[in-house]
Each structure stands twice: as C-alpha cells, then as structure tokens.
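Take a look at the structure below.
Number of protein chains: 2
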Amino acid sequence: MYVILVYDICKEGNGQKRWNRVFKLCKQNLVHIQKSVFEGEISDSDLFKLEGSIEKEIDKSTDSVIIFKSRNERWLDKNVIGLQQDDPFMI
Amino acid sequence: MYVILVYDICKEGNGQKRWNRVFKLCKQNLVHIQKSVFEGEISDSDLFKLEGSIEKEIDKSTDSVIIFKSRNERWLDKNVIGLQQDDPFMI
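The following block contains the structure:
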C-alpha cells in the first residue's frame, strides 16, 4: 500500500516532544518529503502498528494526523513546486 | 481529478505574506483539512491555473508545494487520528 501521511502537532506544553516522537516513528517507516509530510510504500501490518504507535503519542484534543492510503502508487501523480525533498534546506 | 496539496512556506522575510496568499489561493479551490494541507476535487484547467498562481507567489529557493493527484477519489482511503478537519480548534 502507498501512503501519504501529514501531521499537525500543537507545540504548546510538551508538544515539541510529541512532534519529535511522531517524526521519529514516521521516519522509521516512510520517506520524509516536507516538514510534517511523509510518503511511501508500507505493508498493512506495519501501517497498523505505526497508526497504533502514533495514537499513543499524540494529544487527540490538539493534534491531527491524516493518512491517505492508495492501493497502488501508480494511481497517484506528484507535482513539486519549489524545493525538492532532497534539498539540504528541507528540514 | 482528486488532489491533496501540502505546502511548507519559509516564514522569514515576507514569508508570512507568501503563506497567506498561498493559503487564500488553495482555500478558493480546495478544502482546508490541516494547517498547510488541502484536498478536494478539481478540474484539470483549474488545477493548471492554481499551480501557475502558486508558482508566482512562492520563493522556490525556500518554499515547497507538493500536489498529489489521483484520477479518482475512490482510489484513496483516508484515516484521521486526533483532530478532525471541522474542529473549531483547527486553524
């Protein structure tokens, strides 16, 4: 399965810690393409585990994680305007 | 065509102005679902115009806009963990 994962973590309180942990979880499974955006091929079981881990990390009252799933990367085209994901400037 | 648009605009210098203008352009064409994330159905011609307008607004050396295009929304499933897009908390 091909997924696009975007998250918005509220930085108040221990938000930066939550942001870092969600970033780390995503980086272990997907490709980092923009500040809070990841994409990549992932198995159903790994995605299930990732979603479970993220669910434990975030504060559901302030944070948002959205995962788009496509059965096949071929059904998705991608257009990048500006910085490419491998630009060193990309954090 | 169904698209997911994510952007990361560098806030230095007149970055906030660029961010606001890109936000406005996207809001006129798509649904706002997360801080810098939009999705929605859009015609080829409207998408072409939106991409052109965004291209004029951003600083390509610091900003990044990624547009995922799917011929059909049916090929995309979506899972939201935490805040839903219509939560008033969502900016």
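Those sequence lines, one after another, are chains A and B. According to the working numbering, the first sequence is numbered sequentially starting from 639. According to the working numbering, the second sequence is numbered sequentially starting from 639. C-beta atoms are modelled at their ideal positions from N, C-alpha and C, and glycine is treated no differently. Given the structure is predicted, the values throughout are model-derived calculations rather than measurements.
Chain B residues whose Cβ lies nearer than 9 Å to that of A:GLN698: Note that residue 698 of chain A is Lys in the sequence shown here, rather than Gln. Going along chain B in sequence order, the residues near A:LYS698 (Cβ under 9 Å) are ILE719, GLY720 and LEU721.
For A:PHE706, write down the residues that DSSP places opposite it in a beta bridge. A:ILE642 and B:LYS716
Contacts that B:ASP701 makes with chain A (C-beta to C-beta distance below 7 Å): For the C-beta of B:ASP701, the chain A residues within less than 7 Å are, from N- to C-terminus, GLY720 and LEU721.
Would you tell me roughly how many angstroms separate the C-alpha atoms of B:ASP715 and A:ARG709, rounded to the nearest one? 9 Å
Selection from B:LEU643, B:GLY651 and B:SER683 that minimises the alpha carbon distance to B:VAL669: B:LEU643
Distance cutoff 8 Å, beta carbons only. Does A:SER691 sit that close to anything in chain B? no
Buried or exposed (CB count within 10 angstroms, at least 16 for buried), B:GLU677: buried
Would you mind sorting A:PHE686 into buried or exposed? The rule is 16 or more other CB atoms within 10 Å of its CB. exposed
Going by DSSP, which residues form a beta bridge with B:GLY678? B:VAL641
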